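**Q** Protein chains in written order, with numbering that gives the first Met the number 0: chain A, 0 to 366; chain B, 0 to 366.
Ideal Cβ placement from N, Cα and C applies to all residues, glycine included.
As the structure is a prediction and not an experimental result, all values here were calculated from the model.
Number of protein chains: 2
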Amino acid sequence: MADTQANIQAPPTIYDVARAAGVSIASVSRVLNGHRNPRQETRDRVLQAVAELGFVPDGAARALSARLKEVVGVVFRRPGWTEPSDGMFADEDESLQFIDVINRGVEVAAQHRGYNLLIGSVDVDGHDASRRIMTLARKSDGLILHDQVLEPARLAQLSQHVPVVTLAGVATQTTANVRSDNGTGMAELARHLIGDHGYTSLAYLAGFADSPDNVARRQALAEEAASAGARFIEGPRWQGNYYASGGARVIGGLLADGVPLPRVIVCANDQTALGVMHALAQHRIEVPGTVAVTGFDDIPVARHLRPQLTTVRQPIQELGATAFEVLRSMISNREPVSRDLVLPTRLIRRESCGCPSDPALPAWRLA
Amino acid sequence: MADTQANIQAPPTIYDVARAAGVSIASVSRVLNGHRNPRQETRDRVLQAVAELGFVPDGAARALSARLKEVVGVVFRRPGWTEPSDGMFADEDESLQFIDVINRGVEVAAQHRGYNLLIGSVDVDGHDASRRIMTLARKSDGLILHDQVLEPARLAQLSQHVPVVTLAGVATQTTANVRSDNGTGMAELARHLIGDHGYTSLAYLAGFADSPDNVARRQALAEEAASAGARFIEGPRWQGNYYASGGARVIGGLLADGVPLPRVIVCANDQTALGVMHALAQHRIEVPGTVAVTGFDDIPVARHLRPQLTTVRQPIQELGATAFEVLRSMISNREPVSRDLVLPTRLIRRESCGCPSDPALPAWRLA
DNA sequence: ACCGGCTCGGTAAGCGCTTACCGGCGGCCC
DNA sequence: GGGCCGCCGGTAAGCGCTTACCGAGCCGGT
């Protein structure tokens, strides 16, 4: 062996295929893309050459020429810890399960259409976030933006040039939006807690203040509590950040200051509930015996917690898949199927609200 | 308003910028890419035009011309349930936390270098997996492949044309590999269980049989057990699949057949342990009192389980980040910095092995 | 037999960039 | 003062595809 390095050789181009098949590059392109119905013999020769050479067209060249990249960009926000108490491994402390599952939904839907997913994240201090998103945009045919990645002004500007679908945001003149029916799910949860369990004091542990989801959930809960005459607790002490750390911090703060806890803590999302349950366990506070806890989203781990988490299920993967389909319709028709899609939610009663565990309904159907 | 449709207009091209700045496109390209040190005045005019028009170069054109896409592809395998007992929501039953965190690591590292991540998944029945991966490859500069996505022959073929880094696989002549030091971590865990806790019977709940990680972990455990004279249990009854469902199924099967459980169940990874603990709880079996359970990976939720999961920590994000850096070196130098990188692991003692909970060490440092 | 029309290949013009190459201009040295 | 060299802009040739356009061949109709 003269050289231990395994040199990689350039992949074959369409010219190589054309030469091997004894036809022009136009013919190769035509049989590969199924245009103009080439003669059977031509088709056979091209196909054989393609198989022999293992030809796969270059994405960039194809994109440039066809003005279609078959790539959609997805941007989400990474937790950027501004709180000094979080250590160097802060990033690993959290998984972004909700976001990851949505992205999986996008990806699966995209695969079906021959698209791929280009992923980008921005950290909370997004001073150059806008630039990064632009770059991503120029590598894709359209963008799916998670909550809180771009301020409205930038969004408006961006969406003039690129199809944009937001998740859990608000639709605008130029963007479409996909979200869940927060109100219905939260109302159902509230009625269950107040009506079925008879709880009379509920706190809302909030997510980001300016997130539409957060606003809608809070409001539905507040309204149900009011109409049922239950005490509704909220405020700056109850300000979380959609992450477990936020929930844990809130509980820690409350307990440290000797603030009495309400009978139920309704968390803005599951990850927050995770942190809450963790902090509660650390202080030896019984869930749901002393304090009941609920989440929102029904992320996969919700059922593995002890007690299992009562929550409101969103069709998470479907959220992603829907966002993709809307985006694709914008890409191909330059007009979305709909500007504001709302997916249904529903209450999932498990143990953390005080319901009995139900062994008849295992989380996994066993063989 | 004549038209409610917000028409998207084509983004500006380099020609638009050149015209606005009164220079040639070559000059625009040069100032943007910092080549040939253009005159200050030229630079200013170009930069101003770029700012005014909001110009960002098209990714495809840039890629085609510069022969560099600044995109890396990542392929992982989605759980494809072959077992009939798993319902329609099977996909949502599982999150792929380990994979997601790795991908996040890749993404963060990629961002630093101006690269983006192109995501593709293959399902277990990967009959056209190879083709899909090829397509992905032609949209990127290189590929990072998770475990079990491509058979070796295909891999060898693929890696002739594209730089490839595998995760938790084996390095070959043409591919590089990044993995964790399974042996050391597992040995440390085994010694803790046998030496510190005095357990004398351990079962290994396996992952995919042909996964190198699985083989290495099993072997380290077997060796430690043998040398310490502990009983080591394994076999077809203990065959999992790296997912929670596999762990739950194994436990369910054992219990249904009246097989007595060992004192410790060492799971191939955390997700498996999750399913095991879930199944055990369902049968009212105490963990760690009656049966101790351990995992491997230290995925973010491991600390949220009750009891908290004792496991072996891999530097998950770093695994991804390292894979990216190796790949990048292959892309730019056509030669990897190293063909086989091994990252350290270490035992994380929590509660599920029988260690006392440690309130002095909260999972989150609270404000 | 001729011609219109239809089928199907080939030729070549881009797509929006990067960069090799060239040429003009100014400064420097002798 | 003339010749060289270096600096910088512009011109144009691709990068690897898709596709509009053209033309050759062949069919059927009259």
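(1) Quick one, which of A:Q270, A:S64, A:L254 has its alpha-carbon nearest N240 (chain A)'s?
(2) Using 8 Å for Cβ pairs, my map puts S26 (chain B) next to V45 (chain B). What's the rounded Cβ distance?
(3) What residues match up with R77 (chain B) in a beta bridge as DSSP calls it?
(4) Could you pull out every residue in the same chain whose Cβ sits closer than 6 Å to the Cβ of I118 (chain A), ignoring the five residues on either side in sequence?
(5) Using a Cβ-Cβ distance under 9 Å, would M276 (chain A) count as near chain B?
(6) By how many angstroms is the C-alpha of A255 (chain B) removed from the C-alpha of I347 (chain B)?
(7) Within the 9 Å Cβ cut-off, does S158 (chain A) reach chain B?
(8) Starting from F207 (chain A) and walking both ways along the alpha helix (DSSP H), at which residues does that stretch end?
(9) Just reading off the beta strand (DSSP E) that S179 (chain A) is part of, what are its end residues?
(10) Would you say D296 (chain A) faces chain B, with C-beta separation under 9 Å as the test?
(11) Return the residue from the list B:V311, B:L192, B:I264, B:T165 that minimises the CA-CA distance to G141 (chain B).
(12) Using only CA atoms, which one of B:V214, B:G113, B:E51 lies nearest to E69 (chain B)?
(13) For R338 (chain A), which residues does DSSP report across the bridge?
(14) CB P10 (chain B) to CB R137 (chain A), shorter than 9 Å?
(15) Given that T134 (chain A) touches chain B, what residues does it touch there, using C-beta distances under 7 Å?
(16) At a CB distance below 9 Å, what residues from the stretch 138 to 156 of chain A approach chain B? Give them in sequence order.
(17) If I measure Cβ to Cβ from A224 (chain B) and keep anything under 8 Å in the same chain, skipping five residues before and after, which residues do I get?
(18) Using the rule of at least 16 other Cβ atoms within 10 Å of the residue's Cβ for burial, across every protein chain shown, is N268 (chain B) buried or exposed?
(19) Quick one: which residues of the stretch 27 to 45 of chain B get their C-beta closer than 8 Å to a C-beta of chain A? List them in chain order.
(20) What does S200 (chain A) reach in chain B if we use C-beta pairs closer than 9 Å?
(21) Can you tell me whether DSSP reads N115 (chain B) as helix, strand or coil?
(22) Roughly how many whole angstroms lie between the Cα atoms of A221 (chain B) and G182 (chain B)?
(23) Compare the C-beta of N240 (chain B) with all C-beta atoms of chain A and state if any pair is closer than 9 Å.
(24) Please decide whether S120 (chain B) counts as near chain A, where near means a Cβ-Cβ distance under 9 Å.
(25) Which residues of chain B have a Cβ atom closer than 8 Å to the Cβ of P259 (chain A), listed in chain order?
(26) Using 8 Å as the Cβ pair cut-off and three pairs as the minimum, do the stretch 326 to 333 of chain A and the stretch 122 to 131 of chain B touch?
(27) At least one CB of chain A closer than 9 Å to the CB of I7 (chain B): is that the case?
(28) Is R230 (chain A) near the ligand GTP, judged by its Cβ being under 8 Å from some heavy atom?
(29) Do L342 (chain A) and D180 (chain A) have their C-beta atoms within less than 9 Å of each other?
(30) Short of 7 Å in beta carbon distance, which residues of its chain neighbour V161 (chain B), apart from the five on each side in sequence? Order them along the chain.
(31) Which class does F97 (chain B) belong to by DSSP, given the choice of helix, strand or coil?
(32) On the three-pair Cβ rule with 8 Å, is the stretch 243 to 250 of chain A touching the stretch 273 to 285 of chain A?
(33) Taking the straight line between their C-alpha atoms, what separation do you get for E233 (chain A) and R178 (chain A)?
(34) Applying a beta-carbon distance threshold of less than 7 Å, which residues of chain B neighbour D180 (chain A)?
(35) Rounded to whole angstroms, what's the CA-CA distance from D195 (chain B) to I284 (chain B)? Just pull it up for me.
(36) Does the Cβ of R61 (chain A) have 16 or more other Cβ atoms within 10 Å, making it buried, or fewer, making it exposed?
**A** With the given structure in hand:
(1) Taking the first sequence and counting its residues from 1, the one referred to as residue 240 (chain A) is at position 241. The residue among A:Q270, A:S64, A:L254 with its C-alpha nearest the C-alpha of N240 (chain A) is A:Q270.
(2) The residue labelled residue 26 (chain B) in the question sits at position 27 within the second sequence. The residue labelled residue 45 (chain B) in the question sits at position 46 within the second sequence. In this structure S26 (chain B) touches V45 (chain B) by the C-beta definition: roughly 6 Å separates them, less than 8 Å.
(3) Start at 1 with the first residue of the second sequence, and residue 77 (chain B) comes out as number 78. Paired residue(s): B:D122.
(4) As a working mapping, residue 118 (chain A) is identified with position 119 in the first sequence. Taken in chain order, the residues that qualify are V73.
(5) Taking the first sequence and counting its residues from 1, the one referred to as residue 276 (chain A) is at position 277. So yes, M276 (chain A) belongs to the interface.
(6) Position 348 of the second sequence, counting from 1, holds the residue named residue 347 (chain B). Position 256 of the second sequence, counting from 1, holds the residue named residue 255 (chain B). The C-alpha of I347 (chain B) lies about 32 Å from the C-alpha of A255 (chain B).
(7) Mapped onto the first sequence, residue 158 (chain A) falls at position 159. The C-beta of S158 (chain A) comes closer than 9 Å to at least one C-beta of chain B.
(8) Numbered from its first residue, the first sequence carries residue 207 (chain A) at position 208. Neither: F207 (chain A) is in no alpha helix (DSSP H) and is coded neither H nor E.
(9) Position 180 of the first sequence, counted from the first residue, corresponds to residue 179 (chain A). Residues 174 to 179.
(10) By 1-based counting over the first sequence, the position of residue 296 (chain A) is 297. By this cut-off, D296 (chain A) is not an interface position.
(11) As a working note, residue 141 (chain B) is residue 142 in the second sequence. Checking every option, the nearest Cα to that of G141 (chain B) belongs to B:T165.
(12) What you label residue 69 (chain B) is simply residue 70 of the second sequence in a count that begins at 1. Distances from the CA of E69 (chain B) to each of B:V214, B:G113, B:E51 were compared; the closest alpha carbon is that of B:G113.
(13) The residue you call residue 338 (chain A) lines up with position 339 of the first sequence. Answer by DSSP bridge pairing: none, since R338 (chain A) is not bridged.
(14) For the purposes of this step, residue 10 (chain B) is taken as residue 11 along the second sequence, with counting starting at 1. For the purposes of this step, residue 137 (chain A) is taken as residue 138 along the first sequence, with counting starting at 1. Going by C-beta atoms, P10 (chain B) is nearer than 9 Å to R137 (chain A).
(15) Locating residue 134 (chain A) in the first sequence gives position 135, where the first residue counts as 1. Against T134 (chain A), the close residues of chain B are V55, in the order they occur along the chain (beta-carbon pairs closer than 7 Å).
(16) Answer in chain order: K138, S139, Q156.
(17) Numbered from 1 along the second sequence, position 225 holds the residue referred to as residue 224 (chain B). Spatial neighbours of A224 (chain B) in its own chain (CB-CB distance under 8 Å, excluding positions within 5 residues in sequence) are listed in chain order as A189, I193, L201, R230, F231.
(18) Indexing the second sequence from 1 puts residue 268 (chain B) at position 269. Flag for N268 (chain B) reads buried.
(19) Listed in sequence order: no entries.
(20) Stepping through the first sequence from its first residue, residue 200 (chain A) is reached at position 201. What S200 (chain A) touches in chain B: nothing, since even the nearest Cβ is about 24 Å away.
(21) Stepping through the second sequence from its first residue, residue 115 (chain B) is reached at position 116. DSSP places N115 (chain B) in strand when its eight states are reduced to three.
(22) In the second sequence, the residue the question calls residue 221 (chain B) occupies position 222. In the second sequence, the residue the question calls residue 182 (chain B) occupies position 183. Distance between the alpha carbons of A221 (chain B) and G182 (chain B) is about 11 Å.
(23) Translated into the one-based positions of the second sequence, residue 240 (chain B) becomes position 241. Closer than 9 Å: no.
(24) Translated into positions along the second sequence, residue 120 (chain B) becomes position 121. It does; some Cβ of chain A falls within 9 Å.
(25) The sequence position of residue 259 (chain A) within the first sequence is 260, counting from 1. Neighbours of P259 (chain A) on chain B: none; closest Cβ ~19 Å, over 8 Å.
(26) No contact exists between the stretch 326 to 333 of chain A and the stretch 122 to 131 of chain B.
(27) Taking the first residue of the second sequence as position 1, residue 7 (chain B) is located at position 8. So yes, I7 (chain B) belongs to the interface.
(28) You won't find the ligand GTP in this model; it holds no ligand whatsoever.
(29) The residue labelled residue 342 (chain A) in the question sits at position 343 within the first sequence. The residue labelled residue 180 (chain A) in the question sits at position 181 within the first sequence. Yes, the pair counts as a contact, with Cβ atoms nearer than the cut-off.
(30) Looking up residue 161 (chain B) in the second sequence gives position 162. Non-local beta-carbon contacts of V161 (chain B) in its own chain, meaning distances under 7 Å to residues more than five positions away in sequence, involve A136, G141, L142 in chain order.
(31) Residue 97 (chain B) sits at position 98 when you count from the first residue of the second sequence. Note: F97 (chain B) maps to helix in three-state DSSP.
(32) Output reads yes: the stretch 273 to 285 of chain A touches the stretch 243 to 250 of chain A.
(33) Within the first sequence, numbered from 1, the residue matching residue 233 (chain A) stands at position 234. Within the first sequence, numbered from 1, the residue matching residue 178 (chain A) stands at position 179. Looking at the two C-alpha atoms, the distance is approximately 24 Å.
(34) Residue 180 (chain A) sits at position 181 when you count from the first residue of the first sequence. Per Cβ cutoff of 7 Å: no residues; D180 (chain A) is ~18 Å from chain B at best.
(35) Locating residue 195 (chain B) in the second sequence gives position 196, where the first residue counts as 1. Locating residue 284 (chain B) in the second sequence gives position 285, where the first residue counts as 1. C-alpha separation (whole angstroms): 22 Å.
(36) Position 62 of the first sequence holds residue 61 (chain A). Its Cβ being crowded by 16 or more others within 10 Å, R61 (chain A) is buried.
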